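UniProt numbering applies: residue 1 is where the sequence shown begins, and numbers increase by one. So the structure is just underneath, and the comments pick up after that.
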Amino acid sequence: MKQSQVLIPTLKENPTDAEAISHQLMVRAGYINQISAGVYAYLPLALRVLQNIEKIIRQEMENIGAVEMLTPGILPADLWRQSGRYDTYGDNLFKLQDRHERDFILGPTHEETFTYLVKNVLNSYKKLPKVLYQIQTKYRDEDRPRYGLLRGREFIMKDAYSFTANRTDLDRIFDQMEQAYRNIYDRCGLDYRVILGDSGDMGGSGSKEFSAMAAIGEDTIVYSDSSDYAANLEMATSIIAPNQVEAPAELTSVATSRANTVEDMTDEYQVSASKILKSMAFMADDQPVLALIRGDYEVNEVKLKNALQAQELRPANEAEIKADFQSAVGFLGPVQMNTQVKIVADLSTQDLSNSLTGANQAGLNWQNVNPDRDYQVSDYLDFRTVKEGEVSPDQQGKLQFKRGIEIGHIFKLGTKYSESMAANFLDENGRQQPIIMGCYGIGISRLLSAVIEQHNDDHGIVWPWALAPYQVHVVEVNAKKEDQQCLGSEIEQMLTEAGFSVLVDDRKERAGVKFAESDLMGLPVRITIGKKAAEGIAEIKLRNQADSIEVHQNDLIESMRILLKNYK
1 MKQSQVLIPT LKENPTDAEA ISHQLMVRAG YINQISAGVY AYLPLALRVL QNIEKIIRQE
61 MENIGAVEML TPGILPADLW RQSGRYDTYG DNLFKLQDRH ERDFILGPTH EETFTYLVKN
121 VLNSYKKLPK VLYQIQTKYR DEDRPRYGLL RGREFIMKDA YSFTANRTDL DRIFDQMEQA
181 YRNIYDRCGL DYRVILGDSG DMGGSGSKEF SAMAAIGEDT IVYSDSSDYA ANLEMATSII
241 APNQVEAPAE LTSVATSRAN TVEDMTDEYQ VSASKILKSM AFMADDQPVL ALIRGDYEVN
301 EVKLKNALQA QELRPANEAE IKADFQSAVG FLGPVQMNTQ VKIVADLSTQ DLSNSLTGAN
361 QAGLNWQNVN PDRDYQVSDY LDFRTVKEGE VSPDQQGKLQ FKRGIEIGHI FKLGTKYSES
421 MAANFLDENG RQQPIIMGCY GIGISRLLSA VIEQHNDDHG IVWPWALAPY QVHVVEVNAK
481 KEDQQCLGSE IEQMLTEAGF SVLVDDRKER AGVKFAESDL MGLPVRITIG KKAAEGIAEI
541 KLRNQADSIE VHQNDLIESM RILLKNYK
């Protein structure tokens, strides 16, 4: 392909609104162009990369027996009303009406659609299991689109759905899908972690996330430095030393004129934060819950919500603290708490003796507070946010934190959608049972960005071999010279016949511009045709190496194969 024929609008400077390296490089190198906030056009180079990613995905999906199909992007709202997600999904859902005032949405995900499609088709255990998938554009009304393709309003996904008659088949397909995802990310050249994830709005139980390591990532990945343990910060657990048990001292009320934060209390009473019993007010499905945690830890709301098995969880507001908890704001505590309030405690508070906590009255605290004697807990749960350096839950190594980009998520949905949408099958005994489902997503356009976040240098993108839009960039230093044009055409033909994809820079530009833009675009191999073109000699340089070699065109293919043995 001649570069003069391809739309590649490069820029010399980074766009002012681009924070992520991948966003900067894709715009500068002419891969994408912004149409609106969070909405991008994939220009020819980006489209070729996406097609390479999709090719890998299709191969791995076929290997595990998943079958591709395609569903609409515009969906009737009634499907989402049946599942209950139309009103609970939140403001990220694009909602619209047709001319007859019928409600529709732009699909952010397609569990309801696939469930609807199979409910009257997979109606017998004899037709199960099935795994279906699609590669399609999704839509999400992001409040603040940012980081280019990493958080957009329109994005490309591979979403797969499994339908089984039993949990054994679900577990088997889930494991197969996990391995397929590992194969995909390995082939894409990514440094990633497989982590325990939160099912969130998807529902169900059993969830794993795939996260690419990147400083720009919005997720915090917690992992052991000595084992395979890894989890999202919202799900991570750890082992901490038990509290030192003391003989209970007399419960005493003490006055304060300060704001009563943990910092204020440690300063005023000269105690460590670990001796403070921090009390946090929440509304779980509109029921008041007092969550107790040690003062040196923070409540992880996702873990608390899951531990309470709540559909919704939020911090209580001031009015609720006064009315439902019957407490002054800032002075919450479990002693003499309203009996209608459920009290739960984090595991960090077990055996926490002679602690300091609020007395539910402004300007008053309790000292020497002890569980059972002074307050009762309905459940001890794990809902604290872990800290770096704590012992891994498998007792192997210490926890470390890294930033990551979520590039895939697999879920065991169970019967959440099949029950709400009456997708049933007849089992061996002729009884109706809900189909057991799983769903498996890969953010393809996000994957493109994640690869660039990991594969770049000061000069531009450095594409892994499997994803590069073209594998070889043939650069004619002076395209006006006939000998360079002729050798360029001959080398292009040789490479194409040998199975390489080739882009020939035939533009009448300065050599410096061509080399800079070649590095910026990041194609794995650059073949430079210059002053020795008449002798049939060209220069080969790999994008990830500084050195280059001169070769005769007759030795070009063999020399490239040798050089590329270690290129990934």
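The C-beta atom is built at its ideal place from N, Cα and C for all residues, glycine as well. Note that this is a predicted model, so its numbers are computed, not measured.
DSSP lists Ala212 as the beta-bridge partner residues of Tyr192.
Note that the C-beta distance between Thr256 and Asn368 is not below 8 Å. Going by DSSP, Arg431 is part of no alpha helix (DSSP H) at all; its letter is neither H nor E.
In the three-state reduction of the DSSP assignment, Thr164 falls in the strand class. Considered as a whole, the region 252 to 310 harbours 252 to 255, 277 to 284, 287 to 294 as its complete beta strand (DSSP E) runs of no fewer than 3 residues, in chain order. One alpha carbon belongs to Thr109, the other to Gly197, and they sit about 18 Å apart.
Each of Thr10, Ile56, Gln24 was checked against the Cα of Thr16, and the nearest Cα belongs to Gln24. Bounds of the alpha helix (DSSP H) holding His23 are 21 to 28. In the displayed model, Tyr40 falls within a strand according to three-state DSSP.
The beta carbon of Asn300 lies closer than 7 Å to those of Glu234, Phe383, Arg384, Thr385 in the same chain, with the five residues before and after it left out. Residue ranges of uninterrupted alpha helix (DSSP H) with 4 or more members, entirely inside the region 118 to 187 and ordered along the chain, are 167 to 187. In the pairwise beta carbon analysis, the region 130 to 137 is classified as touching the region 59 to 76: at least three pairs are separated by under 8 Å. Cβ contact annotation for Leu564 (same chain, cutoff 8 Å, sequence separation greater than five): Trp465, Pro524, Val525, Leu542, in chain order. Less than 8 Å separates the beta-carbon of Ile195 from that of Ala231.
Within the DSSP secondary-structure output, His552 pairs in a beta bridge with Ile537.
Under the three-pair Cβ rule at 8 Å, the region 88 to 99 does not count as touching the region 212 to 232.
Counting only residues of its own chain and dropping the five nearest sequence neighbours on each side, Gln361 has a CB closer than 7 Å to the CB of Ala328, Phe331.
When the Cα atoms are used, Asp98 and Tyr116 turn out to be separated by approximately 21 Å. Scanning its chain for C-beta atoms nearer than 8 Å, with the 5 sequence neighbours on each side dropped, one finds around Arg167 the residues Ile436, in chain order. Here DSSP, grouped into helix, strand and coil, assigns Thr357 to strand. In the same chain as Ala533, and ignoring 5 residues on each side of it, the C-beta atoms closer than 6 Å to its own belong to Asp483, Gln484, Leu487, in chain order.
Out of Gln176, Trp366, Ser227, the CA that lies nearest to the CA of Tyr269 is found in Trp366. Counted as a single uninterrupted DSSP element, the stretch harbouring Trp366 is not any alpha helix (DSSP H) but the beta strand (DSSP E) occupying residues 364 to 369. In the structure shown, Leu413 adopts extended strand secondary structure according to DSSP, grouped into three states. With fewer than 16 other Cβ atoms from the protein chains shown falling within 10 Å of its own Cβ, Ile549 counts as exposed. According to DSSP, residue pairing for Leu106 in a beta bridge involves Ile74, Phe94.
With the rule of 3 Cβ pairs closer than 8 Å, the region 141 to 149 counts as touching the region 26 to 35. Shortest Cα-Cα distance from Ser348 to any of Ile173, Ser238, Lys158, Ile410 involves Ser238. In this structure Ile35 is exposed. Its beta-carbon is surrounded by fewer than 16 other beta-carbon atoms within 10 angstroms. Distance between Asn456 and Ser445, taken at the CA atoms: about 17 Å. As the crow flies, the alpha-carbon of Gln400 is around 11 Å from that of Tyr229. When DSSP assignments are scanned along the region 451 to 515, the uninterrupted stretches of beta strand (DSSP E) that are 3 or more residues long and fall wholly within it turn out to be 472 to 476, 502 to 505. Take Gly530, set aside five residues on each side of it, and the residues of its chain with a beta-carbon closer than 6 Å to its own are Val477, in chain order. In the displayed model, Thr220 falls within a strand according to three-state DSSP.
For Ile343, the closest C-alpha among the options Ser378, Tyr31, Glu320 is that of Ser378. Taking a contact as a CB-CB distance under 8 Å, the pair Lys508 and Val475 does not count as one, their CB atoms being some 13 Å apart.
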